[in-house]
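Q: What follows is a single structure, and I will ask about it in a moment.
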Amino acid sequence: MFRGGNFDRLLEKATSQLLLEPDWDATLQICDSIRQGDVTPKYAIPAIRKKVYDRNPHVSLYALQVLESVVKNCGSPVHQEIAQKEVMEEMRDLAKRSADNVRNKVLELIQVWSHAFRNEPSYRVVQDTYQIMKMEGCSFPELRESDAMFAAEKAPEWKDGDVCHRCRVQFGMVQRKHHCRACGQVFCGKCSSKNSIIPKFGIEKEVRVCDSCFEELNKPTAGKAAGKPGENDLPQEYLNSPLSQQSQ
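Shown next, in the form of structure tokens:
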């Protein structure tokens, strides 16, 4: 069922000039509406592009952030709409005439998309645009390859089921089902009680994830894992205990 009206309301909310920070709830609902087929990419992308070209730089910047999340979360149907000559020419033009914050975001997105789609011949126009802009003297930011991982690690399709994927408890009136936004599986509240950002999908707001994905997403870095001298020799139970906290 096509629900363009609800999508339009969410887009207005996510790109409001009154926002002081990104509205991640509305942005994630926009991604969900595309992935679930409530709206098609052919409807969604032109609507977002119209907001990107708004005269108000705040609206334009928030629209670019929505576009970034949609590209990272909604897979090849959206990528095909983005990798068009008309779209790339619009982005190139926007970078030339916009305020610094909007221009910097455009440059960031074009560079990330060029890297992400570098092995996709059908998306060649993105790489061509990037190279042309480099020759024109555009100063691109330092590339973080993790930002371009979405081409290989796109957000999962949401699974369905009658029991929790982990503990196998039956769902019902009392036991509600919840989706993990990292793996897409269904879990009970107890097995999906944690929240985390998911940078590889462009989700910078803490969202519900299952326990396993939370641990994977929040693995300590090498520096943090090293800890204090001798700390790794202690049992994990002690390190998590109040006694350990008091001794620090």
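For the sequence shown, UniProt numbering gives the first residue as 1, with consecutive numbering after it. Note that beta-carbon positions come from the ideal geometry of N, C-alpha and C, so glycine has one too.
(1) Got a sec, what are the start and stop residues for the beta strand (DSSP E) residue 196 sits in?
(2) Compute the Euclidean distance between the alpha carbons of residue 214 and residue 46, then round it to the nearest angstrom.
(3) Can you tell me where the alpha helix (DSSP H) holding residue 205 begins and where it ends?
(4) So what's residue 111 in DSSP terms, helix, strand or just coil?
(5) To which residues of the same chain is residue 185 closer than 6 Å at the C-beta, ignoring the five residues directly before and after it?
(6) At the level of alpha carbons, what is the spacing between residue 12 and residue 101?
(7) If you draw a straight line from the C-alpha of residue 16 to the C-alpha of residue 108, how long is it?
(8) From residue 95 to residue 134, what distance separates their C-alpha atoms?
(9) Since residue 163 sits in a beta bridge, which residues does DSSP pair it with?
(10) Anyone know if the C-beta pair for residue 168 and residue 192 falls short of 9 Å?
(11) Taking 9 Å as the threshold (C-beta atoms), are residue 201 and residue 181 in contact?
(12) Alpha helix (DSSP H) containing residue 158: first to last residue?
(13) In whole angstroms, what is the alpha-carbon distance linking residue 210 and residue 156?
(14) So, using beta-carbon positions, are residue 249 and residue 82 closer together than 9 Å?
(15) With DSSP run on the structure shown, which of helix, strand or coil describes residue 140?
(16) So which of 39, 187 and 204 has the shortest CA-CA distance to residue 212?
A: Let me lay it out:
(1) Numbered from its first residue, the sequence shown carries residue 196 at position 196. Here the beta strand (DSSP E) through residue 196 covers 194 to 198.
(2) Within the sequence shown, numbered from 1, the residue matching residue 214 stands at position 214. Within the sequence shown, numbered from 1, the residue matching residue 46 stands at position 46. Whole-angstrom Cα-Cα distance: 35 Å.
(3) Your numbering for residue 205 matches position 205 in the sequence shown. Per DSSP, residue 205 belongs to no alpha helix (DSSP H); it is in the beta strand (DSSP E), 203 to 209.
(4) Translated into the one-based positions of the sequence shown, residue 111 becomes position 111. Helix at residue 111.
(5) What you label residue 185 is simply residue 185 of the sequence shown in a count that begins at 1. Only 159 and 165 meet the Cβ criterion.
(6) By one-based count along the sequence shown, residue 12 stands at place 12. By one-based count along the sequence shown, residue 101 stands at place 101. Near 20 Å, if we compare the C-alpha coordinates of residue 101 and residue 12.
(7) Numbered from its first residue, the sequence shown carries residue 16 at position 16. Numbered from its first residue, the sequence shown carries residue 108 at position 108. When rounded, the distance between both Cα atoms is 22 Å.
(8) The residue you call residue 95 lines up with position 95 of the sequence shown. The residue you call residue 134 lines up with position 134 of the sequence shown. Cα-Cα distance, rounded: 12 Å.
(9) Against the sequence shown, residue 163 aligns to sequence position 163. In the DSSP output, where bridge partners are listed per residue, residue 163 has 170.
(10) Taking the first residue of the sequence shown as position 1, residue 168 is located at position 168. Taking the first residue of the sequence shown as position 1, residue 192 is located at position 192. No, these two residues do not count as a Cβ contact at 9 Å.
(11) By 1-based counting over the sequence shown, the position of residue 181 is 181. By 1-based counting over the sequence shown, the position of residue 201 is 201. Closer than 9 Å, so yes.
(12) As a first step, residue 158 must be located in the sequence shown, where it is residue number 158. From DSSP, residue 158 is part of no alpha helix (DSSP H); its letter is neither H nor E.
(13) Walking along the sequence shown from the start, residue 210 turns up at place 210. Walking along the sequence shown from the start, residue 156 turns up at place 156. If I take the Cα positions, the gap works out to 14 Å.
(14) The chain is shown from 1 up to 248; residue 249 falls before or after that span and cannot be answered.
(15) Along the sequence shown, read from residue 1 onward, the residue named residue 140 stands at position 140. Coil at residue 140, not helix or strand.
(16) To locate residue 212, count along the sequence shown from 1; it is residue 212. Here the closest residue by C-alpha is 187.
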